[in-house]
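With my numbering applied, the sequence shown closes on residue 426, and no number is skipped along the way.
For reference, the structure is listed below as structure tokens.
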Amino acid sequence: MVYDPLCNPSAAERMVCCVLVTRQHVLSGSGDDMKQLRHDLNYGISAALLVAATAAILTGIVAHLWDLNDFVYHTYAGYAMTGLSLAHVWLNWSRMVAYARFRLAGRAQHRAPATSVGLAPPALSEAVAGDRRLITQARPLAVATPTSLWRMIISRRGFLSLAAGGLGGFLAGRGLRQQPVIPQGSDLGVVYHQWSKPGVIDVLGTVANWGQQPPLYKEYPQARQVALPTPGDQGGLLTEEAMRRRRSTRDYSGQPMTLPELSRILFLMGGRNNERWGHQLRTAPSSGALYPIEVYPVVHRVAGLQPGLYHYGVKEHTLAELRVGDLRETVVRQGLMQQFLGEASVVLFLTVIFQRMRFKYQDRTYRYGLIEAGHLGQNIYLAATSLGLGACAVGAFMDDEINALLGVDGKTEAAIYMLAVGKVKE
1 MVYDPLCNPS
11 AAERMVCCVL
21 VTRQHVLSGS
31 GDDMKQLRHD
41 LNYGISAALL
51 VAATAAILTG
61 IVAHLWDLND
71 FVYHTYAGYA
81 MTGLSLAHVW
91 LNWSRMVAYA
101 RFRLAGRAQH
111 RAPATSVGLA
121 PPALSEAVAG
131 DRRLITQARP
141 LAVATPTSLW
151 RMIISRRGFL
161 SLAAGGLGGF
171 LAGRGLRQQP
181 VIPQGSDLGV
191 VYHQWSKPGV
201 IDVLGTVANW
211 GQQPPLYKEY
221 PQARQVALPT
231 PGDQGGLLTE
241 EAMRRRRSTR
251 DYSGQPMTLP
261 ELSRILFLMG
271 GRNNERWGHQ
281 LRTAPSSGAL
291 YPIEVYPVVH
301 RVAGLQPGLY
311 HYGVKEHTLA
321 ELRVGDLRET
331 VVRQGLMQQF
341 LGEASVVLFL
351 TVIFQRMRFK
361 YQDRTYRYGL
371 IEAGHLGQNI
381 YLAATSLGLG
391 ACAVGAFMDD
401 EINALLGVDG
411 KTEAAIYMLA
421 VGKVKE
């Protein structure tokens, strides 16, 4: 039998091979440390990127559902996610380039065959592997120490577990609605204000529990439509001067308004004036551009218009004729016998359609509805003052009777405000 040293390495040859391997390991020790540090940094950035992405998603949902156009936490989360993404790409750039080259070259194998030039023969490789196994088996069993426990905690899995638990606890603490403290003897307004404070977790109920969005415009297709004059530039006071002169006027001359004056007041109150991102914008602000307020003019004295009840169609700037007749006594009686409501040229009734905002803003819908009625009310004041007319807002009226007059049920749509407008008595 012929002796082949490559197939049957002696003990000395195996010793030489082990020495060479050990020397190579010592020389590459510093490189391995840097490689390990790079791996740790890569895993840490990946975990931080996951946390930042989760924060960006959650804050994005909150910003969208609550219409927070300048939500600073969402901005910070986006900046953090961008920076971490760039760092992650930088650490893995060589791998990305290598993978791209591999895919472009169309290679199907990931490593060269074991018989490639420069590699040790199979027998020698097995011998070296055997010596390594002997060295490994000779090592003492690992014992749990504070250092090993700390390494386990800061490992990728431990870090992700701690981060997920911390984030969950933070959201639970900040997001769950706390039991409100209601002062003794509080009225329903105070109780509602306390109970309508939002929590982060409440956004989940927006999709699940609060219904669908109704149409943005209320229309009466069967009613006779009265086209209003185009509200052109008819002069008037500057905004600052109109604000200085604004007063609540209860003394009216009984003279009729003109139809162009009524048209201009309705347009400046809440007419369509622009379009942006698919939303029809108006002269008054609205949460989420949802515009829950409807306007019903009760005409007493307007030249060219029959007395009666109308609905203002914002979409086409028209009036829908709902009821013809003298309603002065009815309005005065339902306005708690305030006589100027019958002396004004027109009384504008404002209602709120709750579901237009409820599907998105939930318990805060009533707050926003009242706020938007205030926006329209102030616009009416300023428009009337600019035209030399008087206006007076009224919040005291018989709700059920007014709702019946307007033809609304008081539940899905309800009257919340009324404003008298007319010629001022000299």
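Backbone N, C-alpha and C fix where the C-beta goes; we use that ideal spot for every residue, glycine too.
Nearest-angstrom Cα separation, counted from A164 out to Q378: Straight-line spacing of the CA atoms in Q378 and A164 works out to 49 Å.
Coil, strand or helix - P297 by DSSP: Strand at P297.
Proximity to E383 [Cα-Cα], best of P307, V295, N274 and L238: First, the residue type needs correcting, since residue 383 is Ala and not Glu in the sequence shown. Measuring from the Cα of A383, the nearest candidate turns out to be L238.
Local conformation of N92 per DSSP, three classes: coil
Backbone secondary structure at E240 - three-state DSSP: helix
Spatial neighbours of S263 in its chain, beta-carbon cut-off 6 Å, leaving aside the 5 residues before and after: Its chain contains L228, P229 and P231 as the residues whose beta carbon lies nearer than 6 Å to that of S263, once the 5 sequence neighbours on both sides are disregarded; these appear in chain order.
Euclidean distance between Cα positions of S186 and I353: 27 Å
The segment 79–97 / the segment 49–64 touching (three or more Cβ pairs under 8 Å): yes
Distance between Q355 and P214 (C-alpha atoms, nearest Å): C-alpha separation (whole angstroms): 7 Å.
Beta carbon of G304 nearer than 8 Å to that of G325: no
Alpha-carbon spacing of P221 relative to L319, whole angstroms: Rounded to whole angstroms, P221 to L319 spans 11 Å at the Cα level.
Beta carbon of E329 nearer than 8 Å to that of G422: no
Beta-carbon proximity of L91 to R38, cut-off 8 Å: yes
CA nearest to the CA of Q212, picked from V191, K360, V97 and E294: Ranking V191, K360, V97 and E294 by Cα distance to Q212 puts K360 first.
V190 to S196 span [Cα, whole Å]: Rounded to the nearest angstrom, the two C-alpha atoms are 10 Å apart.
Span separating the alpha-carbon of I45 from that of I61: 24 Å
Buried versus exposed call for I416 [16 or more other C-beta atoms within 10 Å across all chains shown]: With at least 16 other beta carbons inside 10 angstroms of its own, I416 counts as buried.
Endpoints, alpha helix (DSSP H) assigned at E401: D399 to L406
Residue burial classification, Q36 (beta-carbon count within 10 angstroms, cutoff 16): exposed
Nearest-angstrom Cα separation, counted from G235 out to I402: 35 Å
Distance between beta carbons of L327 and A396, contact taken as under 8 Å: No, A396 and L327 are not in contact; Cβ-Cβ is about 18 Å, not under 8 Å.
Cβ contact (3+ pairs, closer than 8 Å) linking the segment 240–253 and the segment 269–276: The segment 240–253, when compared against the segment 269–276, does not touch it at the 8 Å Cβ threshold.
For H317, three-class secondary structure by DSSP: coil
Any alpha helix (DSSP H) of 4 or more consecutive residues that is wholly inside the segment 318–379: Fully enclosed alpha helix (DSSP H) runs of 4 or longer: 328–334, 340–343 and 355–361.
Whole-number beta carbon distance between V302 and P256, since they are thought to touch under 8 Å: 6 Å
Separation of Y76 from M34, as counted between CA atoms: 31 Å
Bounding residues of the beta strand (DSSP E) (the contiguous stretch that carries G422): Here the beta strand (DSSP E) through G422 covers E413 to K423.
Residues sharing a beta bridge with Q225, DSSP: According to DSSP, Q225 shares a beta bridge with A320.
Reduced DSSP secondary structure (H/G/I, E/B, other) of Y312: strand
Simplified DSSP state of Y381, which is helix, strand or coil: helix
In DSSP terms, what Q280 is bridged to: E275
Simplified DSSP state of S85, which is helix, strand or coil: helix
A391 - partner residues in DSSP beta bridges: S248 and V421
L305, DSSP secondary structure in three states: strand
Whole-Å CB distance - E321 paired with V226, under 8 Å assumed: 6 Å
Range of the contiguous alpha helix (DSSP H) that encloses P260: Start and end: L259 to G270.
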